[in-house]
Structure formats: C-alpha cells, structure tokens
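What follows is a short report on a single structure.
Pasting the structure below:
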C-alpha cells in the first residue's frame with residue numbers, strides 16, 4: 001500500500017513517532033488551529049531528523065476521526081495535494097497513516113491565514129497586498145479548473161483556507177473537500193463548502209461545480225475589499241449576506257462605502273471598484289451569469305473589462321445544472337488505496 005502511494009505522491013512517508021517528536025507530542029503550545037476535519041500543529045525538523053539540511057518548519061494536519069469517511073477525505077487530500085503544482089497552492093511534504101492516525105505534513109505558512117489579517121486590526125494588510133492576493137488566488141483557481149490533468153473542484157474556498165507565506169503571497173490550502181472531475185463533466189455529486197461561501201444553487205442541487213467554486217472566490221474578494229465576514233450585521237440586529245450588502249450599495253451609487261475603513265482611504269479607487277465588481281460578478285446569484293475564473297483573473301489584470309451588473313440584487317432562482325456527474329471523485333488508484341487502507345484499519349481494530 002505504501003509503495004503504491006509513494007509512486008504517485010512525490011512526498012515522503014514520515015513515521016508517527018517522528019511527527020509526534022517534532023510537534024512536542026501534538027502539544028497545545030504547538031497547535032496552530034482547528035478545522036472541519038482536524039487540528040493543525042506546528043513542527044520543526046532539523047538536521048538530526050535527517051529530513052533536510054538546516055531547520056524546516058512544517059504544519060502537521062491531524063485528522064479527527066479514522067472512519068471510512070475520514071479515510072476518503074484523507075485519501076482525496078493526499079491524492080490531489082500531491083499532484084498539483086502551482087506557486088499559490090499549498091505544498092504537500094509528507095504523510096503518515098499508522099497507529100490509527102491519519103496525518104498530512106505541509107509547508108508552514110508564517111503569516112497564518114488571510115482571515116487573521118482581514119479581521120484583526122493589529123495585522124492590517126495594505127491595499128497593494130490585498131489586490132495581489134485577489135489576483136494570485138484567481139491564478140491558483142484557474143490552474144485547478146483549467147490546467148490540471150483533471151479538473152479539481154476545491155469546494156471549500158474561504159479566507160481561512162488562504163494561507164500567507166513570509167512575503168504575504170496567498171497559498172490556497174485545505175484540499176480535504178476537493179474532488180477530481182473530468183473536463184467533460186459539469187458537476188460533482190456531493191456538495192462541500194462553508195456557510196456564507198456556498199453558492200445559492202448548491203442548496204437545491206447538492207452539487208458542486210466550477211461555478212460554485214467561483215462563487216466562493218467572489219465572496220473572498222469582497223472580504224478582501226470590505227474587511228468584513230460573509231455575513232454583515234444590520235441595524236435591526238439581523239444579518240445580511242455580504243454579497244447582497246455590497247450589491248445594494250453598488251446599486252445606490254455608494255459602492256465605496258463598502259470599502260474596509262481600516263484602509264483609511266489609502267487605495268486605488270479604480271482598482272478597488274474593479275475588485276468589488278469582479279467579486280460581485282463571481283458571486284452572482286445566477287450561476288450562468290458568473291464569469292469563468294480565467295475571465296475574472298483577466299479582469300483583475302486589466303486585460304478584460306468587468307461585467308456590467310444590474311442595480312438591483314438578482315433574486316436566486318436555484319436552477320439545477322444539467323449534465324451532473326453521478327460518481328467521479330476517485331480514480332482507480334484512489335479507490336484501491338482507500339480499500340486497502342480501510343482493510344488495514346479494520347485489522348488494526350481487531351488486533
């Protein structure tokens with residue numbers, strides 16, 4: 001089983017004992033965060049580990065539950081993260097499945113995640129950094145959708161899954177919900193995502209598409225521009241979706257009132273307007289009217305003009321996309337790997 005995976009992965013197998021050692025036995029002091037599928041710990045490899053020359057910090061993702069579903073998600077993330085190569089996608093370094101543990105080892109991002117900087121006044125991002133992050137994220141998503149051997153649906157694009165490296169370059173991570181899809185297919189059977197970033201049609205169809213990834217990306221663009229989370233509090237104590245809040249301001253000619261006040265007006269007005277209109281276009285309630293991610297990328301590069309949007313916020317119609325995919329989230333490799341890993345876990349429980 002391990003040899004089968006090593007031929008595909010391009011990342012090394014690391015023992016559980018080794019990972020426990022470099023994370024101080026997965027101590028609370030080393031914990032970086034907690035996600036939907038597991039906890040992430042900071043680790044340090046050095047010369048004595050034989051891992052590399054000099055010190056190298058890593059982020060070790062420890063899967064919560066060793067179940068059939070947990071193994072599926074682990075396998076999917078391993079398979080996809082090991083195959084993608086882009087400067088704005090997280091790099092898989094190693095993996096481990098032993099002692100009833102599932103662990104993934106990634107490069108460590110010293111500036112943590114995008115949301116930490118957007119919603120924390122002490123870690124303010126400049127306008128130039130924000131615009132670059134928006135463009136580079138589009139490049140990474142375009143690679144996943146259009147340039148990989150198989151189309152990759154990320155299915156959980158959000159600001160907390162965008163890491164920032166030492167130079168504040170965005171690194172899209174967390175492929176736990178990602179799935180491969182043939183280019184001639186339209187959608188993935190299972191819906192992924194996080195509330196606030198999920199496209200309207202997904203609630204009815206239960207399917208993920210390129211368009212639903214683009215919707216999530218659009219929400220992140222609006223977070224970057226506005227410094228607000230996907231839900232905005234209203235004066236009457238309720239909440240409104242960020243997309244509708246910005247769209248209403250756009251329709252009333254007050255778009256710049258949505259801009260993050262923490263920037264104190266220090267931004268390029270033409271580029272800011274473009275960023276927000278591209279964000280609204282990507283998060284359009286009607287999936288047929290969203291740009292492809294390559295188009296959005298070119299809009300942010302000033303190669304193409306942004307879409308012209310209606311003044312009134314369009315009401316979602318929740319159409320069902322045609323040509324849905326009934327079963328496609330595994331290749332021959334992933335299916336056999338999952339089966340052998342499940343058998344391995346079953347034997348471990350009996351032992």
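Residue numbers (the UniProt record's numbering): 1 to 351. For each residue, glycine too, the CB sits at the ideal point set by N, CA and C.
Output the boundary residues of the beta strand (DSSP E) element that contains residue 31.
-> Under the DSSP assignment, residue 31 falls in the beta strand (DSSP E) whose first and last residues are 31–34.
Can you give me the start and stop residues for the beta strand (DSSP E) that residue 109 sits inside?
-> It is not in any beta strand (DSSP E) - residue 109 carries neither H nor E in the DSSP assignment.
Quick one: what's residue 67 bridged to in DSSP?
-> According to DSSP, which records beta bridges pairwise, residue 67 is partnered with nothing at all.
Give the single residue among 128, 231, 84 and 212 whose Cα lies nearest to the Cα of residue 173.
-> 84
Keeping to the same chain, check which residues put their C-beta closer than 8 Å to that of residue 135; ignore five residues upstream and five downstream.
-> 297, 300 and 301
Does the segment 278–285 come close enough to the segment 208–223 to have 3 or more Cβ pairs within less than 8 Å?
-> yes
What residue does the alpha helix (DSSP H) around residue 210 start on, and which one ends it?
-> 210–226
Start-to-end residues for the alpha helix (DSSP H) that takes in residue 170 = That residue, residue 170, is in no alpha helix (DSSP H); its beta strand (DSSP E) goes 170–172.
Would you list, in sequence order, the uninterrupted beta strand (DSSP E) runs of no fewer than 3 residues that lie entirely inside the segment 216–289?
-> 231–233 and 239–241
Inter-residue spacing [alpha-carbon to alpha-carbon] between residue 68 and residue 308 = 47 Å
Cβ atoms of residue 159 and residue 113: under 8 Å apart, would you say?
-> yes
So, helix, strand or coil for residue 296, using DSSP?
-> helix
Around the C-beta of residue 121, are 16 or more other C-beta atoms found within 10 angstroms, so that it is buried, or is it exposed?
-> exposed
Buried or exposed (CB count within 10 angstroms, at least 16 for buried), residue 262 = Taking a 10 Å sphere around the C-beta of residue 262, we find fewer than 16 other C-beta atoms and assign the residue as exposed.
At least 3 beta-carbon pairs within less than 8 Å: the segment 250–268 vs the segment 89–107 = no
Mapping DSSP to helix, strand and coil, what is residue 72?
-> The answer is helix: DSSP assigns residue 72 an H, G or I state.
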